Each structure stands twice: as C-alpha cells, then as structure tokens.
Amino acid sequence: MFDHPCLWLALVSLVITSVATVVGRNSDYGRWAGVVGILIHLAVLLFEPQSAVSGSFPLTNVLLGRDAVNTIPLVVTSFFGAGLLALMPRQQIRSGFAFQTVLWVLANDISLMGSSPWVLCVGWILGWLPFVKDLDSATWIGFALASVLLGVGIAGGETGMPFLLAAVVLRKGMFPAHGWVVRTFAKGALLPGILLVNSHAGAFALIRLAPHAPAWFTDIALATAIYAAAVGLRDRAPRRTLAWIAISQASFLVAGIESGTTEGFTGALLLWQIVAGSTATLVAILVALETRVNLSFNQFRHLGLATSTPRLGVAFIIAGLALVGAPATIGFCAEDLLLHGTLSAHPRIGLLLPIATAMNAITIVRLFSQIFLGPAAPGTGDVPDALPRERAALTAVMLFLIGMGLAPKWLTQRCETAASAVLGISAKPQSH
Amino acid sequence: MSTLLPIAVFAPLAVFVLLGAGWMLGIRAGERHLVRTTKAGLLVSAGCQLAMLPAFVNGGTKFHTADWFRAGEYHFPIELDLSRLATFPALLAVFLLGLIAHFSARYIHRDPGFFRFVLLLNLFASGILVVFTAGSLDILIAGWEAVGISSVFLIGFFQHREQPVAGALRAFATYRVCDIGLLIAAVVLHHEAGSASFRAIDDLHGNAATVVAFLLVLASLGKSAQFPFTSWLPRAMEGPTPTSAAFYGALSIHAGAFLLLRSRHLLEHTPAAAWAVVAIGALTTLQATLSSRVSSDAKTALALGAQAQVGLIFVEIGLGWSTLALWHLGTHSVLRTLEFLRAPSVLHEYHRIHSAAGGEIPPTGQHFQKWIPAGVRLRLYRLALDQGQLDYFVQRLVANPVGRLTDALVRIETRMARVPGEEKTRV
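Spelled out as structure tokens, the structure:
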C-alpha cells in the first residue's frame, strides 16, 4: 500500500470529502467542499505513476492502478462530478446530492482503476448503490441483474461473453433495455440519472473485457442510436427529450470501441468526454430553470426564457450543438474520427451516423426553441440568469468544448495514446 | 503569401470569439464598437484578399497545414484554396457584408438583439469564406454548418414571436436533411479515393462519381432553396431585412450553386446528375416566378425572385456554362442585396407615389397574362399561391407517415416508462 501513496491519498481524500459534504449539506459549504475535494483528489491521482498494462488491466501489486487507458475517463468523471456540483441548485445540495456525487466519483475510480475484473465489478455495484432511493424498482433491479450478469460473464471466461454483453446492454441503456434512462430522466430527481448515464460503466467494461465483441453487438448500438433519435424527434417533454439524445449519442461509443482501429477508438474516447460535458451542461441548465420557474415545462409550446436567461440559453445551445458534432467544437473532431475509424468494420455507420446526428441536431434546436424562444410564458419575466458560480462552470465547459474544438491536437493525441494502449493489449490472449 | 489566406478567412471568426467571450464574462461593448470591430475584421479579410490578388494569374493561393488533428492512419489537414473560381465570390462576400454591417448600424439601432445580430453576422462571414475557399469537402462542411447555424438563429431573430421561431426550425430541419448528402459524400470519397479534397472529387469516375454527384446535388438543394426544398425560404423572411439581404439575397442562397460550381468537373463526368440539376433549376425557376407574381409581401416576392434566379444559375451549371453561372451569381448577389436593403424604403416610396398620383396606379406586367385562358390562369394562380403545393405533398407523403410512426413509438415508450401525464415535474 505504501508503494502507491498518491493513489491511497486520493481515495482517502474522497472519503473525507464525502463526510464534509454531509456535515455541510445545509449550506454552500457542502457544495464547495465537494468541488474542491474532487479536484484535489484528481490532482493527487495524476501524480500516481502510470502502470503498464498486462492483459487488459493495469499491471500493479495492489487492487487499483492508473494506466494509459483509464486516465482520460478518470479526468472526465472528476471534472464532471465537480462541475455538476458547482451548477446544482441549493435544494439539491440540501437533499444529499453532493454526498451521492462524491460517492459516485469514488465508485468510478474503483471501477476505472481496478486491476482485475472483479474489482471492476465491485466498482459497478458501488456506482449505482448510492442512488437506490432515487430509482424506481425496475431500474435498480435491472442494475442488480446487470451486476450479476457481469460477474457470471467474468467467471465464465470466453464462454461468458454473452452474459457480459447482456450486462453492458442493461447497464448502458441500449435497446431494448433503454427504459431506465428515460424513466430516471423523466420523473423525480434528474441528477442521479445523468450521473448513472455518464459513468459509461458499460462502455468501460467493453474496453477492459470485450474490445472485440461480435459485429451484431455494434448493430444493436447503431439501432439504439437511430431508434432513440427518431423517438426524441417527436417527444415534447424536455426531460425525456434529453434522455433520448443522451441515449442516441452515447450509443456511438460502442461502435468506436468495437471498431478495432485507432481512429475509431480515439473518436469514442473523445465522444465520451463530449457526451459527459454536454449532457451535464444541458441537464444542469434544465434543472436550474425548473428550480427558478414554477411551471410545468411540458405544458407550454414555448417558454421564451432567452430574454431573461440569455447566458443559460447560449450555454445550452453550444453544449447541444457540440453534442451533435457542430464545427468549431470538439464534437466535430470526435464524430469525424468515429465515422472514418469505424467505416471499414461497420460500413452501415457511414449512413446511420449522419442520419442519427441530423435527427438529434433537429431535436436539440427544437428543445432550445421550446425552452428559450417564442413568447414568454406567464411568470417567466423575472427569472434570474446564470449566477456567478454557474457562469464560471458554464464558461469552463464552453472553453473546453470550443477551445478544444479549435485546437484539438493536444486532446486527440492523448486519446490516441490510450487507444493504442487498448488495441496493443487486445492482440494478446486474455486471461481473467 | 499563403499565410494571408487563413487570416482572411478566420478574421471574422476571431471577432466572433472575442465578442462572445467578452459577453460571457460580462463585458458589454456599445453598438458603435461592435460595428467598428466587425468592420475591422472584414477589412482585415478584404486587405488580405486584395494582397493575394497578384497570385490570381498563377491559379490562386493555397494554404495547407500539416494536420489539424490526426489519429492512426487518418489525418485532417486544413486546406484552403483561394482559386480563381473563389476569388470573386470571396471578395464580394466581404464587401457586401461590410455594407450590410454599416446599414445595420442604423437599421437595427437600439434593438435588444443588436449584439446577437453582430455576433452571428461575424460567424456567418467566416463560414461563407470557408465555403468559398475550402480545399476539401471536410473543411467545406465546417463552413457549411456555420452558415446554416447563423442563418437559422437570424431567421429567429425576433425570438419573442412564434412565427419566426417556427420558420427558423423549419429552415434548420431542411438544412440538416440536405446536409446528410454532404456528410455521406465525404464518407464515400474517403472510402473510394482516400481523401475528400476537391482534386479527388474531380478525378472520381464510375458509380462512385454518380453517387457523390447526386449527394452533392442533394446538399446544394437545401441551402439554395431549390425544388423540392423551396418552402423554407419565404418563411425565412421573418428575420430582419439586413439578414435577408446577406443570406437570401447575397450569399447563403448561392452557397449551393457554388458547391456545384466547385464540383463542375464531377458533373461533366456524370450526365445524369447534370441533367438533374438542369431539371431542378428549371422547375424551381418556374415555380418561384409564378409564386412571386402572386406574393403580397415585398420581401417574400424578392426572396422568390432570388430563388428563381438561383434556379437559372443551376440550369447554367448543369449545362456546363460555368463562367456565365459565376458572373450571374456575382451580379445577382449585388442586385438582390440592393433590392433587399431598399425594400423598406421602396414601400414608403410606393405609397407616396400612389398618393401623389391621386389614387391607384394600374399594375404592370399583365401583358403576358392576357395570353393565358382565364380557367388556366385561375389554376396557376391557385398553384402559385400554394407555392406549387409542395408543402402539402411533403406533409402528406413524408412528414405525416413518419410522424405517425414516431408518435406511436412515443406513446409506447411513455406508457412503458409509466410517466405521469402533464403534471408539474418538480425537482
């Protein structure tokens, strides 16, 4: 244990942070304790030397290790958690969301840094346990089933592949097991849903355990993307619309991971970050507006909030367009790499990705026009725009989405390194 | 010389980023500063383009970076090409946009959306320059999308009203449907030729050439509002007059035609696509001419007139008359911009002249109408009023069936999700 002081220090700091969020939950102290604690944990973690990779997992003499494959996801989940905490309305902090978020970051660390499949499995389970009280029974039973299937898949070795893929379908929310995403977004607290979707636990399990799944598995992902895009086009409820867009765009991760090419895998890793950053921004803005506006968003054709909340509107549309690959955003680079990298393995993606992305783009603009444009709905005249903490967090996200979009080389190189590490691993025989 | 080209193309984008970042951080510039900054960006672009004019005789100026980004075997360089074809439109774009910016300083003075207008105008400027100077389809797509996004948000400029918002959404949906052609064309090119550069497009032959040609034609139809994607253009007139001038008089509406001009060698290899372009252009010209004659709104009449002229440009391109098409494009841009910017004043003058004449002055242009039988005239009038009934056919044959299917899916999903109906969803 003392050979890896940074690793254990990072995890201990998260545990301390979680306690601090509970102690300070009736004030903003809890929020900022969470934000600072998560960022400190990340900084300490990045000092941990990178392990080499053996088989599919980090080569280390302890249970956890940082390698070229998990570094980017670790950074993404930490910034994601910290950013979401900074943006959350105070009611959410009071109801214990900060504590849940820190636990979620901790669980993701375990899942991402696990040096064996079983540690990954433990991280999977810990990732959804803090949210059981917020989920309906069908969802947490589904998660439990996914965890069991993952365990069976790991124990079964090569014969366990179908169980493993079934676990990924359930956990990732792929068709036909996508219902939990829509339900979690549509009712109750929206925030556990966005955390569960953006852990991308299923995608990471594929990277570690099944980087060469059968082609039909990618077809399921593509079918999910098209189906979700089509339904999202017509669904008028903002929360459900966001769910459909998240399901659709996240499905392309599978295609990139299973492409077997450096380009496709790099595109998938880039898309991971964009889906996380963009969907977090969209959800956070929607939650902020729902808190400010005492109206049911589903009842109005237009809410007309652009006049009173222009900065929230701008952040919403930029995050939305980045999610669907608008130029000058990093989304453009991700979709381009994904498209060209997966073309040889899955020619159908050349037709389906542009169609799904076009549908999602129309849905995003329709959602933006529903919330921000048109005549102002009654009672929306004095809605405050982005608060200073929201403005800081949203500016950081937009700087990332646009800045990296204009100068993507730095980020794509790091993703390419991770991609090469995974593809270099997969050439060797796998033993669990 | 070649380093001037990216400066010329991206100077307005730099202004866009500067103004946008400043606004997010709470820095508000006055109208005068906004217009001056915009003009400065356009002036820089114009100056760089003029400095590159001597290279025109040698075929233009090229700019090529190593890689904007890369991964594995795939790399994405930034290729810009101020070719002989692009020089005139690029310079004209900067000139017309500078004029429109100057006009807008007074026309949109004190409008709450002034800043938004300036910002989107700069985004559009860079986008259209990228479209004109792109050396590859990949780069062209970036500019193409920027033009589309800025166009849509300017159609919905008067965002507190439902109609402009609905018009903007319709325009965006049309753009995205047609842009699928552009994206798939880029994919096919990479697959067949290993590159999406315009050199690769020119060298394409066989079935791949036919497929790519038709896909590019599809892409061009949306931006240029050609048959059957004509109905969004009249709705786009909800935007402010300077927007209508810049986008649907001068530049954006010609982007599709320019794409076909750029791919003219491909059209020469694919007669089927070329004749399709001719047929589409002719149909659009006929339909737009008829509709403009029955239009009661000045800007809509101008927009339909522009649509008809672009239809003629399409015919010229399809027939291989590229030089004529380029000159037609340029002169039409100038004339239509003037007409749009003058439209509000013309209406005042029209009423003044009628008052001075002591009543109604008989309308002109009925000479040819007399040759058409009354019954046919009535049917044509009805057809023109409905703009060829394209909306009806698209709605009935495409939108309604797809809508019914997806509505059924939404109902199934809603029932499965057991979500409460319309009650307030409180966090």
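If you read the sequences in order, they're chains S and E. Using the numbering used here, you'd call the opening residue of the first sequence number -10 and step up by one each time. Using the numbering used here, you'd call the opening residue of the second sequence number 15 and step up by one each time. C-beta atoms are modelled at their ideal positions from N, C-alpha and C, and glycine is treated no differently. In this text the structure is predicted, and so the values were computed from the model without any measurement.
message: Within the continuous beta strand (DSSP E) that includes Tyr262/E, where are the two ends?
response: Numbered from 1 along the second sequence, position 248 holds the residue referred to as residue 262/E. Tyr262/E -> no beta strand (DSSP E), and no H or E assigned at all.
message: Using DSSP's beta-bridge definition, name the partner residues of Glu93/E.
response: Against the second sequence, residue 93/E aligns to sequence position 79. Assignment of beta-bridge partners to Glu93/E by DSSP yields His78/E.
query: In chain order, what residues of the same chain lie with their CB nearer than 7 Å to the CB of His444/E, ignoring the 5 residues before and after it?
result: The shown model of chain E, from 15 to 441, leaves out residue 444/E, and the question about it has no answer.
C-beta contact flag for Thr298/S and Arg281/S at 9 Å: For this step, residue 298/S is matched to residue 309 along the first sequence. For this step, residue 281/S is matched to residue 292 along the first sequence. For Thr298/S and Arg281/S, yes; Cβs fall inside 9 Å.
query: In chain E, which residues lie with their C-beta within 9 Å of the C-beta of Glu405/S?
result: Against the first sequence, residue 405/S aligns to sequence position 416. At a C-beta separation below 9 Å, Glu405/S has these neighbours in chain E: Arg84, Ala85, Gly86.
task: Tell me, to the nearest whole angstrom, how far the beta carbon of Ala233/E is from that of Gly208/E; I am working on the premise that it is less than 8 Å.
output: Along the second sequence, one-based indexing puts residue 233/E at 219. Along the second sequence, one-based indexing puts residue 208/E at 194. Wrong, their Cβ atoms sit about 21 Å apart, outside the cutoff.
query: Any idea what DSSP makes of Pro47/S, helix, strand or coil?
result: To locate residue 47/S, count along the first sequence from 1; it is residue 58. Three-state result, Pro47/S: strand.
task: Name the one or two DSSP bridge partners that Ser211/E has.
output: Here the question's residue 211/E lines up with position 197 in the second sequence. By DSSP's assignment, Ser211/E forms a beta bridge with Ser150/E.
task: Figure out for me which residue from Ile209/S, Ala156/S, Thr207/S, Ala235/S has the closest Cα to the Cα of Val220/S.
output: Within the first sequence, the letter at position 231 stands for residue 220/S. The shortest C-alpha separation from Val220/S is found at Ala235/S.
query: Out of Val291/E, Gly170/E, Arg190/E, which has the shortest C-alpha to C-alpha gap to Ala182/E?
result: Mapped onto the second sequence, residue 182/E falls at position 168. Of Val291/E, Gly170/E, Arg190/E, the residue nearest in Cα terms is Gly170/E.
field: Where Phe83/E falls: helix, strand or coil (DSSP)
entry: Counting from one through the second sequence, the residue named residue 83/E turns up at place 69. DSSP places Phe83/E in the strand class (E or B) of the three-state scheme.
- prompt: Taking the alpha-carbon positions, what's the Gln403/E to Gln380/E distance?
  reply: Locating residue 403/E in the second sequence gives position 389, where the first residue counts as 1. Locating residue 380/E in the second sequence gives position 366, where the first residue counts as 1. For Gln403/E and Gln380/E, the distance between alpha carbons rounds to 24 Å.
message: Any contact between the stretch 83 to 102 of chain S and the stretch 273 to 292 of chain S? By contact I mean 3 or more CB pairs, one from each, below 8 Å.
response: Touching, no.
task: Determine, using beta carbons only, whether Leu312/S and Val264/S come nearer to each other than 9 Å.
output: Position 323 of the first sequence, counting from 1, holds the residue named residue 312/S. Position 275 of the first sequence, counting from 1, holds the residue named residue 264/S. In this structure, Val264/S lies closer than 9 Å to Leu312/S by Cβ.
- prompt: Taking buried to mean at least 16 other C-beta atoms within 10 Å of its own C-beta, is Phe167/E buried or exposed?
  reply: On the second sequence, position 153 is the one that residue 167/E refers to. The residue is buried, with at least 16 neighbouring Cβ atoms inside 10 Å.
query: Can you name the start and end residues of the alpha helix (DSSP H) that Gln81/S belongs to?
result: Here residue 81/S is taken as the residue at index 92 of the first sequence, counted from 1. Gln81/S -> alpha helix (DSSP H) spans 79 to 83.
task: Can you pull the chain S residues whose beta carbon is under 9 Å from the beta carbon of Ala160/E, in chain order?
output: Sequence index remark: in the second sequence, residue 160/E carries index 146 (1-based). Close partners of Ala160/E in chain S (Cβ separation under 9 Å): Ala315, Pro316, Ala317.
message: If contact is defined by three or more beta carbon pairs under 8 Å, each pair taking one atom from either stretch, is the stretch 102 to 110 of chain E in contact with the stretch 137 to 152 of chain E?
response: Result yes; three or more Cβ-Cβ pairs closer than 8 Å.
message: Below 8 Å on the Cβ atoms is my contact criterion, and I expect Leu327/S with Gly253/S to pass it. Report the Cβ-Cβ distance as a whole number of Å.
response: Walking along the first sequence from the start, residue 327/S turns up at place 338. Walking along the first sequence from the start, residue 253/S turns up at place 264. Their Cβ separation, rounded to whole angstroms, is 6 Å, which keeps Leu327/S and Gly253/S in contact under 8 Å.
query: When you check each C-beta in the stretch 352 to 369 of chain S against every C-beta of chain E, which residues fall closer than 8 Å?
result: Within the stretch 352 to 369 of chain S, contact with chain E at the beta-carbon level (separation under 8 Å) is assigned to Val354, Arg355, Ser358, Phe361, Leu362, Gly363, Pro364, Ala365.
query: Should the stretch 32 to 49 of chain S be regarded as contacting the stretch 100 to 111 of chain S, the criterion being three or more beta carbon pairs within less than 8 Å?
result: Taking 8 Å as the limit for Cβ pairs, the verdict is that the stretch 100 to 111 of chain S does touch the stretch 32 to 49 of chain S.
message: Taking 8 Å as the cut-off, does the stretch 28 to 43 of chain E touch the stretch 51 to 62 of chain E (at least 3 CB pairs, one atom from each stretch)?
response: Yes, the stretch 51 to 62 of chain E is in contact with the stretch 28 to 43 of chain E.
query: So who's on the other strand from Gly103/S, going by DSSP bridges?
result: Here residue 103/S is taken as the residue at index 114 of the first sequence, counted from 1. BP columns for Gly103/S point to Leu53/S.
query: Name the DSSP bridge partner or partners of Tyr88/E?
result: For the purposes of this step, residue 88/E is identified with residue 74 of the second sequence, where counting begins at 1. Beta-bridge analysis with DSSP links Tyr88/E to Ala85/E.
task: At 4 residues or longer, and completely inside the stretch 149 to 205 of chain E: list those alpha helix (DSSP H) runs for me, N to C.
output: Correct list: 151 to 169.
task: Starting from the beta carbon of Arg175/E, find every residue of chain S whose beta carbon is closer than 8 Å, and list them in chain order.
output: For the purposes of this step, residue 175/E is taken as the residue at position 161 of the second sequence. Identification of chain S residues near Arg175/E by a Cβ-Cβ cut-off of 8 Å yields Gly363, Pro364, ordered along the chain.
query: Starting from Ala366/S and walking both ways along the alpha helix (DSSP H), at which residues does that stretch end?
result: Translated into positions along the first sequence, residue 366/S becomes position 377. Run containing Ala366/S: none; DSSP gives neither H nor E here.
- prompt: Do the CB positions of Met38/E and Met387/S come within less than 9 Å of each other?
  reply: Counting from one through the second sequence, the residue named residue 38/E turns up at place 24. Counting from one through the first sequence, the residue named residue 387/S turns up at place 398. A contact, by the Cβ cut-off of 9 Å.
message: Which residues of the stretch 161 to 174 of chain S have a Cβ closer than 7 Å to any Cβ of chain E? Give them in chain order.
response: Only those residues of the stretch 161 to 174 of chain S whose C-beta falls short of 7 Å from the nearest C-beta of chain E are listed: Gly168, Val171, Arg172.
message: What does the alpha-carbon distance come out to for the pair Pro103/E and His201/S?
response: Working through the second sequence from its first residue, we reach residue 103/E at position 89. Working through the first sequence from its first residue, we reach residue 201/S at position 212. When rounded, the distance between both Cα atoms is 50 Å.
message: Quick check: the Cα distance between Leu113/E and Thr351/E, rounded to an integer number of angstroms?
response: Here the question's residue 113/E lines up with position 99 in the second sequence. Here the question's residue 351/E lines up with position 337 in the second sequence. Our two residues, Leu113/E and Thr351/E, have alpha carbons roughly 10 Å apart in a direct line.
- prompt: What are the residues of the stretch 284 to 307 of chain S that lie near chain E, defined by any Cβ-Cβ distance shorter than 9 Å?
  reply: Of all residues in the stretch 284 to 307 of chain S, only Leu284, Ser285, Phe286, Asn287, Gln288, Arg290, His291, Gly293, Ala295, Thr296, Pro299, Arg300, Val303, Ala304, Ile306 place a beta-carbon less than 9 Å from a beta-carbon of chain E.
- prompt: Hey, is Val226/E's beta-carbon within less than 9 Å of any beta-carbon in chain S?
  reply: Counted from its first residue, the second sequence places residue 226/E at position 212. Not one chain S Cβ lies under 9 Å of Val226/E.
query: Can you give the beta carbon distance from Leu231/S to Trp261/S, rounded, assuming they're within the 8 Å contact cut?
result: Position 242 of the first sequence, counted from the start, is the residue given in the question as residue 231/S. Position 272 of the first sequence, counted from the start, is the residue given in the question as residue 261/S. About 18 Å separates the two Cβ atoms, so there is no contact after all.
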